[in-house]
Structures are given as C-alpha cells and as structure tokens.
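Report on the structure given below.
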Amino acid sequence: MKFELYEKEFINYEKVSKTEQYLKSKQCRYCGTKENLHIYKPGFVANCCEDCFEKYKDDKNKKRKQTCLEKYGVESVTMLESSKKKSIETCLKKYGTEYYLQSKIKKEKSKKTCLEKYGTEYACQNNEIKEKGKNTILEKYGVENVSQSDIIKQKKRNTFINNINKNKKNAKERYWNTFVEKLKLKKINILFDKEYYLNNNKGFEFECLRCNKKIITDTLLVQKITCDCLKYRSKYEDYILEWITSIKPDIHVEKNKRFGFNNTIRELDLYFPEYNFGIDFHGLYWHSDLMVDKNYHKEKFEHFKMLNINIIQIFENEWINKPEIIKSIILSKLNITQIKIYARKTIIKEIDNTKYKLFLEQNHIQGYSQAKIKLGMFLDNKLISVMGLGKSRFKINETEIIRYCSLLNYQIIGGLAKFLSYIKNNYKFENIISYIDLRYFDGSSYLNNGFKLKSVSNPNYFYFIKDYFYKNQFILYNRIQFQKHKLKDKLETFDEKLSEYENMLNNGYLRIFDAGNYKLKLNL
C-alpha cells in the first residue's frame, strides 16, 4: 500500500523524519489514542497498537476480497484458473517445474541456508533444534513426543472418528442412486427418502413389488434385503446328483449339508463324505452382488479349506455351456475310473496355434487364451495334454503358465512334472508362475511339484445380462471388456459422471464375483 494512501486511511501526522523515523499522531482512527505512532519508513505500515493494526489488516483484507469478487467473481485472483495456469507456465519457464517449491533451485537454496545456519541440510537434523523441540514439548505436554501425550491421543482419536463419520456419510450419499437402482432390479421398492437414509441406522421399510408385502429391516446391505416370497431352488443340483449316481449308484451323498467353523455356518449343496468333497451350484442371479457379498465365494473356499474339505463352485453358465468339462472335473475329484496314462510313455513337443486353440476350447473350463509357447503332450501321436506359456501379464521377468489342461476324462500321472522338466531343458526361464482358480482347484498338484504360494488375489468380477435366462444368453463377460473408457461405444446409455458399475447397472447388467486366485511360483 502506498504510504500516502496509508496516511489518509490510518493516521493524521504533523511530520515524518527520514532519519528519526518517528511521527506524532493527532488520533488513531481505531482506538482514539493520541500517543506517538512508530513507523520505519514510507511504504511500510506503522507499528502502533497491535490490536488496531490487526483491525486495519482485517479491513484491508475484506476490502481486497470485495474488490476481487466484484471484478472476477472470486475472493482472490490466485483462485482464477487463468492465474493458476499463468503461474504454472511461469514456473515451468523459470524453474522447469509446475511449482517453485518443487524446483531444484529452491531445494538447493534451502539446503544452503540450513547448512550456513545450522550446519545440516535440514533444520530438523540439527541436534540443538531437536533438543529445543523436545524441551518445548516437555514444557507443554510433559512428554518428549507429542504422540505420547494423552491430550494429543484423544484429539487424534476424535479427529479420526469425525473423519470416519464424515466419510461414511459422504459415501452413503454417493451410493444412494446405486442403492435405489439395485433394489429396483430386485423388484423391491423403498418406502423412505434420501434424508432418512442418510441420518438413520435402523428401521428401514421396503415393499416387495411381487407380493406387495412390507419388509422392515435394520440393514442397508442390498444382499440382505429380500422377501420370503422368493426362494431359490435349483434343478441343476438334482441333474448333477442324478448323473453321478447313474455312474456310481452306491455313492453316499448328503444334500444341503451344513458345516460350522469359527462361529460361521456354511452349506454345501452336495457333500460326499467318503471323498471329503463337496459341490456348490451358483445360479448367476442368485449369486450376483445383488444377493451375496463380493467375498462370499472366496470365504466359502477358505471356510472348507480349513475343514480339509475340497469343494468346487460351479457357475450356472458353465454347466449350461460346458457340461462335459464340469463332469470330467467332478469324476477326477471323486476318483471315479478315468483313463490313466503314465507321463513317461508320452512325448512333448511344440504345437501350432490351431491345435492348441481347438484343444483348449474343448477341454479347458476357461477356453482359449493366447500364449507365446504352445506345448503338446502326445501318446502314440494322440494329443492328450497342452500347456501354454508367455510373459506374465502383471510383472516383468516372470514366465506364466497361461493354460494347462488334459484331455477330458484322462488322468496323466506325472504330467505336470514332465512338462516342467521339458521347460527346464529347452528354455532359459528364471522362474514360472501360475494362477489357480480357487472355485475349482487348490493348487495341490503345483505345490507337490515345488511351487510356492506367493499371494492370494481378491475376487475378480464378471458381468452378465440381467435377463440372461429369458434371453438364453448364459454368458459371462470379463470386466476388461467393460472398463469405463470403453463404455461410451458399447452401451446404449452412458453417463460420464457415473462409475463403470453404475453405467452397467443402468444398462441391465449385473456382476458376479469369483473366489480369487492363488499365485504360485517355481524358481528354475
């Protein structure tokens, strides 16, 4: 602020000496004092009464904000996008970074200043500063570190709880539209408004649009909001059991058998106690995330693994589209007679993509997937097993077994070991990894051949059309096909403001989650 303007704004004076730098005031405009006011030089604000000085600063700030609001619509020019852009451009031009504090010049200057003042690159490294900080904290809180103070602990706790409550409410608000849409798909109407939803934790009322029955619950989990008029019954479980007993009439089976572990009870559709083996059949709609939690299938696998029960979890589309592959897996689990081949009687060689692709489409539950190296195991010129290898999809310097399977109803004793031996002798790989689908397998054959468990992935999800049953479209779509940036060209209606999942819901798609994967690794 120019001295002449300050002079009119703040004080009246008789004379200012350039050398003495004192002035005599008639009267302060804020407190009315007639004491001499102290000033350093023209262009600088006077040091008078501290309270009056603060009032003056407040007035000046308010005036500046008001002027900016009138001229630009913001309280400060630094809030303007044009100013931000210009600032970044200037910094980039001068320092090569978007902000001055990021520049090497600033960092080096700060280090130089600290070295001159404290003998260290950073002030906090100086022992004197450290000791001073400790003493200040000791005087103020009675401890050497503020995190040891009960006052600070309580303050942190309160802040943490407040943030959780705030974030929880924000998350609920963002979820409202999805919540409504999900319940529409379940033919359930909400009998309360958004405000009630945000501010209450119990007493939620719904109406079933199928039978008009009212549902009152204390949960907002979509999977648990359902009506008694709708009970799931699967014919496929009966088909599977009928087929198994046609092959082995005397087999003992228990239907809907429940098992408890760690205060949790889980059920198997079919349990074969002689083989410690269970089958669970999952209808797509009934096991979508409208009906069950996304970790449901993974937790089921873990539950029965702890009980030493081997289970498979069959998705409805797999039984419809690939029944013979499912049957072959079941026969293997039940140790029911298959064609047994010893790997020592076979030979391994590379095969072309045509043979590799056809074999996988006919024998692998996940079908074909590209691989750089395609190996085939032959018995008297008959292809009985294949393995595809390639660079890891997720990490460099790893070779991945992309696909591995045998001919349906064939059991190849020592097959995996022979493939691994061939790879060691013919390729220079540091290691091999494999991902095991936990809905069907537990990786035991790999572990028996020297692989080690490296990690367990979270469940992956797939999309399917809500009306798949009536449209006869028993197809699961990989989520990669429906990443948000691809949706504009794939969906009939697309809203950029909505998430991938919300857009998919709006277009009649549902999600189903698998049980996750084991990542196994073998160092060669």
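Okay, so the sequence shown: first residue is 1 according to our numbering, each after it adds one. By construction, the Cβ of each residue, glycine as well, lies at the ideal position given by its N, Cα and C atoms. Quick caveat: nothing in here was measured; it's all calculated off a predicted structure.
| Item | Value |
| --- | --- |
| Counted within 10 angstroms of its Cβ, other Cβ atoms place Gly119 as buried (16 or more) or exposed | exposed |
| Ile423 versus Leu383, Leu522, Tyr239 and Glu98, residue with shortest Cα-Cα distance | Leu522 |
| Contacts around Ser392, its chain only, beta-carbon distance under 8 Å, and the 5 residues preceding and following it disregarded | Glu398, Thr399, Glu400 and Ile433 |
| Collapsed DSSP secondary structure at Phe474 in the structure displayed | coil |
| N- and C-terminal bounds of the beta strand (DSSP E) containing Leu510 | Tyr509 to Phe513 |
| Backbone secondary structure at Gly283 - three-state DSSP | coil |
| Three-state secondary structure assigned by DSSP to Arg403 | strand |
| Own chain residues within Cβ distance below 8 Å of Leu183, not counting five before or after | Asn189, Ile190, Phe206, Val222 and Ile225 |
| Alpha helix (DSSP H) runs contained entirely in the segment 223-282, provided each spans 4 or more residues | 235-247 |
| Residue-chain proximity (Ile465, chain D), Cβ-Cβ < 8 Å | Of the protein chains in this structure there is only one, and it is not chain D. |
| Assumed close pair Lys257, Tyr239 - CB separation to whole angstroms, cut-off 8 Å | Actually they are not in contact, since the Cβ atoms of Lys257 and Tyr239 sit about 19 Å apart, beyond 8 Å. |
| Span of the alpha helix (DSSP H) around Lys194 | Lys194 to Asn199 |
| Close beta carbons around Phe192, own chain, < 7 Å, minus the five adjacent residues each side | Phe204 and Glu205 |
| For Glu318, three-class secondary structure by DSSP | helix |
| Continuous beta strand (DSSP E) stretch holding Leu389: start and end | Lys382 to Lys391 |
| Opposing strand residues paired with Ser455 [DSSP bridges] | Lys519 |
| Leu69 - partner residues in DSSP beta bridges | The partner list for Leu69 (beta bridge, DSSP) is empty, contrary to what the question assumes. |
| Residues bridged to Gln586 (per DSSP) | What the structure shows of the chain is the stretch from 1 to 524, and residue 586 is not part of that stretch, so it cannot be assessed. |
| Beta-carbon gap between Ser328 and Leu408 smaller than 8 Å | yes |
| For Lys349, the residue or residues it bridges with in DSSP | Gly376 |
| First and last residue of the uninterrupted beta strand (DSSP E) at Thr217 | Lys214 to Thr217 |
| Local Cβ density within 10 Å of Asp269, reported as buried at 16 or more and exposed below that | buried |
| DSSP bridge partner residues for Ile412 (one or two, in chain order) | Ile341 |
| Beta-bridge pairing of Cys208 - partner residues as DSSP gives them | Ile188 |
| Neighbour-count burial assignment, Thr136, 16 or more Cβ in a 10 Å radius | exposed |
| Asp489 classed as buried or exposed, judged by whether at least 16 other C-beta atoms fall within 10 angstroms | exposed |
| Euclidean distance between Cα positions of Lys26 and Glu70 | Low per-residue confidence applies at Lys26: pLDDT is 47, beneath 50, and the placement is therefore not dependable enough to give any value. |
| Candidates Gly73, Phe494, Phe53 and Gly133, of which the one nearest Asn506 by Cα | Phe494 |
| Reference Pro273, options Thr264, Asn263 and Phe259, closest by Cα | Phe259 |
| Start and end residues, beta strand (DSSP E) containing Asn431 | Asn431 to Asp437 |
| Through-space distance from Gly450 to Ala343, alpha-carbon basis | 18 Å |
| C-beta atoms of Glu436 and Ser288 nearer than 8 Å | For clarity, residue 436 is Ile in the given sequence; the question names Glu instead. No. Outside cutoff. |
| Local Cβ density within 10 Å of Gly278, reported as buried at 16 or more and exposed below that | buried |
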